[in-house]
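If you count the sequence shown from 1, you need to add 294 to reach the working numbering. Heads up, the beta-carbon is just placed ideally off N, CA and C, and yes, glycines get one too. Written out below as structure tokens is the structure these notes cover.
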Amino acid sequence: MQLIKRATVLAEIDQYERDGRLHVFSLGYYKTDGTKGSKARVRKGGHVVPGGVRAGASKFGYQVKHKGVLQLVNDTTGQPFAVKIKLLTHYNGIRILH
295 MQLIKRATVL AEIDQYERDG RLHVFSLGYY KTDGTKGSKA RVRKGGHVVP GGVRAGASKF
355 GYQVKHKGVL QLVNDTTGQP FAVKIKLLTH YNGIRILH
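Set out below in structure tokens:
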């Protein structure tokens with residue numbers, strides 16, 4: 295069984311683009327009610343600002359990660375959703391080591 299560290303997963307998820315294309319990945323997780331969930335095609339929420347980081351930063355800002363929540367978008371439907379970092383179980387089919 296392959297394992298990947300949570301810090302590595304968060305660094306990967308934090309990349310909005312790769313080689314000029316949206317970074318799309320799959321996730322497995324537990325929902326807050328204890329049931330399992332998964333999404334086959336998701337990407338980081340937000341958008342790329344030409345010329346680098348904008349002055350005001352994202353409207354989510356550091357508080358989101360401080361609270362332990364990731365803001366993501368279902369790439370298939372375009373619907374935004376949030377998932378708690380501590381409830382992540384798989385990244386691209388690889389088990390996350392907490």
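Name the residue from the options whose alpha carbon lies nearest to the alpha carbon of residue i.
i	options	result
residue 380	297, 304, 296	304
residue 369	328, 378, 299, 335	335
residue 325	372, 377, 386	377
residue 306	318, 295, 314	318
By the DSSP assignment, the beta strand (DSSP E) with residue i in it spans what residues?
i	result
residue 383	382-385
residue 363	363-368
residue 303	Here residue 303 belongs to no beta strand (DSSP E); instead the alpha helix (DSSP H) covers 300-307.
residue 388	388-391
residue 336	330-338
residue 377	374-378
residue 314	Segment: none, residue 314 is in no beta strand (DSSP E) and carries neither H nor E.
Tell me, to the nearest whole angstrom, how far the beta carbon of residue i is from that of residue j; I am working on the premise that it is less than 8 Å.
i	j	result
residue 337	residue 316	5 Å
residue 339	residue 365	4 Å
Does residue i pass the burial test, meaning 16 or more other C-beta atoms within 10 Å, or should it be called exposed?
i	result
residue 333	buried
residue 311	exposed
residue 382	buried
residue 297	exposed
residue 391	exposed
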